[in-house]
Structures are given as structure tokens and as C-alpha cells.
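Some notes on the structure that comes next.
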Amino acid sequence: MAGIGQWKSKAAQDAYMKAYASLSKLWTIRYIEFAKAGLGYRTRTPWPQRLKDEELQAITAPALLIYGSETVLGNPERAAARARRHLPDCEVEIYPGANHGLLFHGPGKDAVLDRILAFARSHEPADLLTAE
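Take the sequence shown: its position 122, counting from 1, is numbered 126 in my numbering, and each next residue is one higher.
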């Protein structure tokens, strides 16, 4: 796989590929479990505070930010612009017509899931790589 480093060993690469292959089989089960867990979720109060610009700039891990254009929890365009300004390695997707629950319902949920999986596949897990 192309990326930021080399595999520590063939065994590490094989283990990753085997785990990835099983992901597609397990995803449906995990997706259902994840969705059910979210049904009983209640947010804590007070709401978490927004990160400062300097805190965002300190994040070095690749980030995928996904917004529904119709969310009532904020302004996706403004949040996307701020993320692009301050996150060093950031990809942003705004799905038209989707709301805050875009991963769980709506016509674009499969596209959202495909985008998340594509992002995950495009980045090698750091714990299987040697340091450069």
C-alpha cells in the first residue's frame, strides 16, 4: 500500500489485509449495533466547547469531516471553511439534503459510508508502520 511508511513485516501487512477483508463481512452487524447504541444516547450538559484555532492546528492526524447540509446543529459551510484553514490534513464533505443523522437515514447514507471506508483505506494504520 502506498502511504507514509513501509510495513514492519510481511506478517503485519498480511494481518492488516486479513482484518480489512473481514471488515466488509462484519460491517453490517457492527453498523446495526452502532445504530442501536445511538438510539439511547443523551448528550451531556454543558455541551463541549469549540476547539481554539491553535488546538485545531495541533492535530496532525488525517481528518475526514462529514456534514449534512441541512443540519440544525451548526453551519456546515462555515465549519468546513474553518477546518480547511486550520487542520493541516483535512478532507471535508458536505452532503446536500442530509441532516445531522446522515449516516443513519436518508438517501445518501450509503454514499457517506462508502466515503468513510474509502478515507480509512487511503490511510495506513500508524501502529503497523515503521517510523521514518
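All C-beta atoms, glycine included, are put in the ideal place defined by N, C-alpha and C. Source: prediction; values computed, not measured.
Tell me the rounded alpha-carbon separation between Gly-103 and Ala-87.
Residue 103 sits at position 99 when you count from the first residue of the sequence shown. Residue 87 sits at position 83 when you count from the first residue of the sequence shown. Inspection of the sequence shows that residue 103 is occupied by Asn rather than by Gly. Rounded to whole angstroms, Asn-103 to Ala-87 spans 19 Å at the Cα level.
By how many angstroms is the C-alpha of Ala-83 removed from the C-alpha of Arg-54?
Reading the sequence shown from its first residue, position 50 is the one you call residue 54. Reading the sequence shown from its first residue, position 79 is the one you call residue 83. The alpha-carbon separation between Arg-54 and Ala-83 amounts to approximately 11 Å.
Determine which residues share a DSSP beta bridge with Ile-98 and list them.
Here residue 98 refers to the residue found at position 94 when the sequence shown is read from its first residue. Partner(s): Tyr-71.
Can you name the start and end residues of the alpha helix (DSSP H) that Phe-123 belongs to?
Taking the first residue of the sequence shown as 1, we reach residue 123 at position 119. Start and end: 113 to 125.
Measuring only the C-alpha atoms, how far is His-109 from Tyr-20?
Here residue 109 corresponds to residue number 105 of the sequence shown, with the count starting at 1. Here residue 20 corresponds to residue number 16 of the sequence shown, with the count starting at 1. Distance between the alpha carbons of His-109 and Tyr-20 is about 30 Å.
Let me know if Leu-106 comes out buried or exposed under the rule of 16 or more other beta-carbons within 10 Å of its beta-carbon.
Against the sequence shown, residue 106 aligns to sequence position 102. Looking at its Cβ environment, which holds 16 or more other Cβ atoms inside 10 Å, Leu-106 is buried.
Can you tell me the Cα-Cα spacing of His-90 and Lys-12, whole angstroms?
Along the sequence shown, read from residue 1 onward, the residue named residue 90 stands at position 86. Along the sequence shown, read from residue 1 onward, the residue named residue 12 stands at position 8. For His-90 and Lys-12, the distance between alpha carbons rounds to 32 Å.
Here's the rule: buried if 16 or more other CB atoms are within 10 angstroms of the residue's CB, otherwise exposed. What is Gly-78?
The residue given as residue 78 occupies position 74 in the sequence shown. By the neighbour-count rule (16 or more Cβ atoms within 10 Å), Gly-78 is not buried but exposed.
Considering Leu-60, what are the terminal residues of the alpha helix (DSSP H) in which it resides?
Walking along the sequence shown from the start, residue 60 turns up at place 56. Per DSSP, Leu-60 belongs to the alpha helix (DSSP H) from 57 to 61.
Mind reading off the beta-carbon distance from Arg-119 to Ile-70? Whole number of angstroms is fine, and I expect it under 8 Å.
Here residue 119 refers to the residue found at position 115 of the sequence shown. Here residue 70 refers to the residue found at position 66 of the sequence shown. So it is a contact: roughly 7 Å between Cβ atoms.
Please confirm whether Gly-73 and Tyr-99 have their CB atoms less than 8 Å apart.
Indexing the sequence shown from 1 puts residue 73 at position 69. Indexing the sequence shown from 1 puts residue 99 at position 95. Position check: residue 73 holds Ser in this sequence, whereas Gly was assumed. Yes, the Cβ-Cβ distance between Ser-73 and Tyr-99 is below 8 Å.
Could you round the C-beta distance between Ala-67 and Cys-94 to whole angstroms and report it? I think they count as a contact, below 8 Å.
Locating residue 67 in the sequence shown gives position 63, where the first residue counts as 1. Locating residue 94 in the sequence shown gives position 90, where the first residue counts as 1. 5 Å between Cβ atoms; contact.
Spatially closest choice to Leu-117 from Lys-22, Glu-97 and Lys-14, by CA coordinates:
Here residue 117 refers to the residue found at position 113 of the sequence shown. For the residues Lys-22, Glu-97 and Lys-14, the minimum Cα distance to Leu-117 belongs to Glu-97.
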